[in-house]
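I have placed the structure first, in the form of structure tokens, so that the comments after it can refer back to it.
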Amino acid sequence: MSEFLQQVVNGLALGSIYALIAIGYTMVYGVLRFINFAHSDILMLGAFAAFFLAPKAQAIFGAESVLGAISVILLSALICAAIGMLIEYLAYRPLRDRPKLTVLITAIGVSLLIEFGCQHPAVFGPNPKAFPKLFPAADYHLQGLTISTNDMVVLGSTLVLLGALWFMVQRTKVGAAMRAVAFNHHAAALMGINVSRIISLTFAVGSALAAVAGILYALKAPAIEPLMGIQPGLRAFIAAVVGGIGNLPGAALGGLLLGALETFAGGIPGVSNYRDGIAFAILILILLFRPAGLLGKLQHEKV
Amino acid sequence: MQPDLSQPPQPSSEPLLQVQELKVNYGAINALDGVSLKVAAGQIVSLIGANGAGKTTLLRAISALHKPRSGSIAYAGRSLVGLPPHAIVRNGLCHVPEGRMVFANLTVLENLRMGAYLQTDHSVVEREMDYVFTTFPRLKERLRQSAGTLSGGEQQMLAIGRALMGSPKCLMLDEPSLGIAPLLIKAIFEKIVQINREHGITILLVEQNANLALEAASYAYVLETGRVKLEGPSAQLRHDPEVKAAYLGGR
Ligand SMILES: Nc1ncnc2c1ncn2[C@@H]1O[C@H](COP(=O)(O)OP(=O)(O)OP(=O)(O)O)[C@@H](O)[C@H]1O
Ligand SMILES: [Mg+2]
Numbered sequence: 001m002s003e004f005l006q007q008v009v010n011g012l013a014l015g016s017i018y019a020l021i022a023i024g025y026t027m028v029y030g031v032l033r034f035i036n037f038a039h040s041d042i043l044m045l046g047a048f049a050a051f052f053l054a055p056k057a058q059a060i061f062g063a064e065s066v067l068g069a070i071s072v073i074l075l076s077a078l079i080c081a082a083i084g085m086l087i088e089y090l091a092y093r094p095l096r097d098r099p100k101l102t103v104l105i106t107a108i109g110v111s112l113l114i115e116f117g118c119q120h121p122a123v124f125g126p127n128p129k130a131f132p133k134l135f136p137a138a139d140y141h142l143q144g145l146t147i148s149t150n151d152m153v154v155l156g157s158t159l160v161l162l163g164a165l166w167f168m169v170q171r172t173k174v175g176a177a178m179r180a181v182a183f184n185h186h187a188a189a190l191m192g193i194n195v196s197r198i199i200s201l202t203f204a205v206g207s208a209l210a211a212v213a214g215i216l217y218a219l220k221a222p223a224i225e226p227l228m229g230i231q232p233g234l235r236a237f238i239a240a241v242v243g244g245i246g247n248l249p250g251a252a253l254g255g256l257l258l259g260a261l262e263t264f265a266g267g268i269p270g271v272s273n274y275r276d277g278i279a280f281a282i283l284i285l286i287l288l289f290r291p292a293g294l295l296g297k298l299q300h301e302k303v
Numbered sequence: 001m002q003p004d005l006s007q008p009p010q011p012s013s014e015p016l017l018q019v020q021e022l023k024v025n026y027g028a029i030n031a032l033d034g035v036s037l038k039v040a041a042g043q044i045v046s047l048i049g050a051n052g053a054g055k056t057t058l059l060r061a062i063s064a065l066h067k068p069r070s071g072s073i074a075y076a077g078r079s080l081v082g083l084p085p086h087a088i089v090r091n092g093l094c095h096v097p098e099g100r101m102v103f104a105n106l107t108v109l110e111n112l113r114m115g116a117y118l119q120t121d122h123s124v125v126e127r128e129m130d131y132v133f134t135t136f137p138r139l140k141e142r143l144r145q146s147a148g149t150l151s152g153g154e155q156q157m158l159a160i161g162r163a164l165m166g167s168p169k170c171l172m173l174d175e176p177s178l179g180i181a182p183l184l185i186k187a188i189f190e191k192i193v194q195i196n197r198e199h200g201i202t203i204l205l206v207e208q209n210a211n212l213a214l215e216a217a218s219y220a221y222v223l224e225t226g227r228v229k230l231e232g233p234s235a236q237l238r239h240d241p242e243v244k245a246a247y248l249g250g251r
């Protein structure tokens with residue numbers, strides 16, 4: 001029983017990270033109807049931003065301080081928000097009225113450019129780097145259950161961010177404008193909405209969430225390197241599709257589901273090597289029965 | 001309230017909206033081939049024409065949803081060419097698009113609020129909202145409902161109401177009768193005339209139903225394959241043998 005609960009905790013922690021990343025895929029899909037493959041690299045850039053900011057924060061706030069960790073995370077999120085907006089402005093905006101396939105291929109190009117550009121010795125270099133501890137780490141034991149501060153930070157920040165995102169999208173004017181743009185660019189423009197600005201904002205929000213996810217992921221991982229975004233990025237993309245691409249709660253649900261599946265499959269003796277295979281087989285089954293994803297509605301327009 | 005159809009407001013000499021020699025193409029297709037038209041302030045002007053004549057294209061070009069190849073569009077004495085769509089709305093030129101395009105994923109209330117997106121004065125938003133509710137009381141009963149679940153007629157009311165939320169000086173309506181039951185069409189047209197009479201909102205009305213369009217408007221243009229074929233006061237066009245044969249069911 002406690003082992004099961006332990007797996008639930010681990011699965012939720014991993015799934016939260018996937019959820020944060022998946023939201024960026026689904027938001028961009030919502031407003032532009034394409035998959036921003038460079039999104040997985042934003043989370044890597046977020047981790048690297050934190051890697052370079054951490055020593056500075058340490059100099060100011062002292063080692064492993066909570067305030068230092070928060071400022072590192074916020075600054076990295078801001079940097080990535082700016083990078084996300086820049087990518088949209090430079091690479092995707094000029095292609096706004098082009099076929100989706102053109103944009104999709106461009107996105108793959110941007111992704112490869114970032115990944116291999118960052119491997120250049122003058123940038124980050126290809127070698128893994130040990131990620132600094134941002135805050136005091138400890139394990140708490142509760143009736144045979146081990147919960148690390150790390151897991152608590154992951155779960156807590158995911159909850160807060162998802163809540164804030166929900167509020168923004170559902171309760172603010174700019175959130176309603178985002179939903180209006182997601183429905184139809186022309187109709188939104190006829191309301192006086194500056195569609196390009198809303199799209200820019202969408203990239204900023206999605207990229208900021210990815211940056212936080214990248215840092216949380218790096219805290220769990222042994223080291224960071226320029227290709228580190230690929231695997232969690234792919235899983236989060238699948239999570240977004242399983243949840244129903246374009247649907248925000250769906251992306252969160254898909255992320256949690258994927259994290260849980262991966263964790264549980266990894267915990268079964270004898271099959272842990274095939275955990276990805278098992279997880280993906282289940283996802284394919286879900287998509288067979290619900291082609292639009294768990295919470296998605298069937299649309300005519302698809303990539 | 002029964003609007004008085006017999007007395008259209010006196011057109012002023014200065015047109016609020018003026019399009020000159022507008023050419024628009026989609027690739028090799030010339031959708032508009034040099035269209036000129038004037039809409040005087042306070043008037044209802046109709047644009048009639050068969051499928052594919054270019055009516056929607058003209059409204060989309062005025063709203064900057066599609067870039068014209070050449071020609072000029074002036075509104076309230078200013079050129080609109082080159083402005084982005086949201087800047088045009090800011091000037092009080094609102095467009096109810098063909099097919100209504102209400103935000104199906106938003107509630108009725110959110111749709112109306114989107115119509116007032118640029119309005120920062122909350123009291124103005126409240127006032128416009130009240131006016132929309134007196135014009136279309138049905139909408140008030142459906143505020144929390146998602147717009148996608150409204151009937152076609154209700155969606156058309158919402159689309160018009162949403163445009164009214166932007167405090168327009170000029171309203172462009174693209175086939176408000178599309179896909180709506182005949183009885184409701186009549187009611188919606190009465191509302192359109194009422195909006196014009198009560199608020200002095202200038203209206204450019206695109207319609208395939210020429211009978212209705214000519215009844216509501218004081219002046220009309222007949223568009224045929226991207227050109228203005230005929231124009232004149234509605235009363236005159238209604239008795240034009242060509243118009244009768246082609247658009248009024250030969251009566
Ligand atoms: N996006 C587009 N791409 C290519 N051609 C287009 C496009 N939109 C319109 N057209 C063409 O331009 C011409 C004018 O179309 P438009 O929609 O303006 O006609 P309309 O008068 O509004 O017709 P309807 O009464 O059916 O709405 C048509 O021949 C149409 O096929
Ligand atoms: Mg049309």
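Here the protein sequences line up with chains A and B, keeping their order.
So for the first sequence, this note's numbering puts the first residue at 1; every next one is plus one.
So for the second sequence, this note's numbering puts the first residue at 1; every next one is plus one.
By construction, the Cβ of each residue, glycine as well, lies at the ideal position given by its N, Cα and C atoms.
As the structure is a prediction and not an experimental result, all values here were calculated from the model.
Would you say residue i and residue j are within 8 Å of each other, going by their C-beta atoms?
i        : j        : result
Phe183/A : Ala104/B : yes
Arg69/B  : Lys23/B  : yes
Leu253/A : Leu294/A : yes
Gly259/A : Gly250/A : no
Val125/B : Ala116/B : yes
Lys129/A : Ala223/A : yes
Gly246/A : Gly30/A  : yes
Ala220/B : Phe189/B : no
Leu143/B : Val108/B : yes
Thr146/A : Gln6/A   : yes
Ala211/A : Ser76/A  : yes
Thr202/B : Ala41/B  : yes
Phe34/A  : Lys100/A : yes
Leu178/B : Val132/B : no
Leu219/A : Asn127/A : no
At a threshold of 7 Å, does residue i count as lining ligand 3 (C-beta to nearest heavy atom)?
i        : result
Ala189/A : Only ligand 1 and ligand 2 can be found as ligands here, which leaves ligand 3 out of the picture.
Tell me whether residue i sits in a helix, a strand or coil according to DSSP, three-state version.
i        : result
Ala50/B  : coil
Arg78/B  : strand
Glu231/B : strand
Gln208/B : coil
Val72/A  : helix
Asn114/B : Per the sequence shown, residue 114/B should be read as Met rather than Asn. DSSP places Met114/B in helix when its eight states are reduced to three.
Gly156/A : helix
Lys55/B  : helix
His239/B : coil
Glu253/B : Missing from the structure shown is residue 253/B; chain B here goes from 1 to 251 and no further.
Leu43/A  : helix
Thr172/A : coil
Gly71/B  : strand
Asp276/A : helix
Ligand 1 heavy atoms versus the CB of residue i: any closer than 7 Å?
i        : result
Tyr221/B : no
Asn51/B  : yes
Ala213/B : no
Ile231/B : The residue asked about is misnamed: residue 231/B is Glu in this sequence, not Ile. No; taking the cut-off as 7 Å, the Cβ of Glu231/B has no heavy atom of ligand 1 nearer than that.
Ala31/B  : yes
Gly179/B : no
Tyr26/B  : yes
Gly34/B  : no
Thr57/B  : yes
Leu14/B  : In the sequence as displayed, the identity of residue 14/B is Glu instead of Leu. No; taking the cut-off as 7 Å, the Cβ of Glu14/B has no heavy atom of ligand 1 nearer than that.
Please report the residue range of the beta strand (DSSP E) in which residue i lies.
i        : result
Lys38/B  : 29–40
Glu21/B  : 15–26
Ile147/A : 145–148
Leu171/B : 170–174
His95/B  : 93–96
Just the chain A side, please: which residues come within less than 9 Å of residue i by C-beta, in chain order?
i       : result
Gly82/B : Those within 9 Å of Gly82/B in chain A number zero; the least Cβ separation is about 15 Å.
Arg90/B : Gly192
Less than 7 Å separating the Cβ of residue i from some heavy atom of ligand 2?
i        : result
Glu224/B : no
Glu207/B : no
Glu115/A : no
Thr135/B : no
Assuming residue i is part of the alpha helix (DSSP H), what are its boundary residues?
i        : result
Val28/A  : 2–32
Asp130/B : 122–135
Glu115/A : 100–119
Whose Cβ in chain B lies nearer than 7 Å to the Cβ of residue i?
i        : result
Asn184/A : Met101
I want to verify the contact list: residues of chain A whose CB lies under 7 Å from the CB of residue i, in sequence order.
i       : result
His95/B : Leu190
Along chain B, which residues have their Cβ under 9 Å away from the Cβ of residue i?
i        : result
Arg171/A : The contacting residues do not exist; Arg171/A stays about 10 Å from chain B at best.
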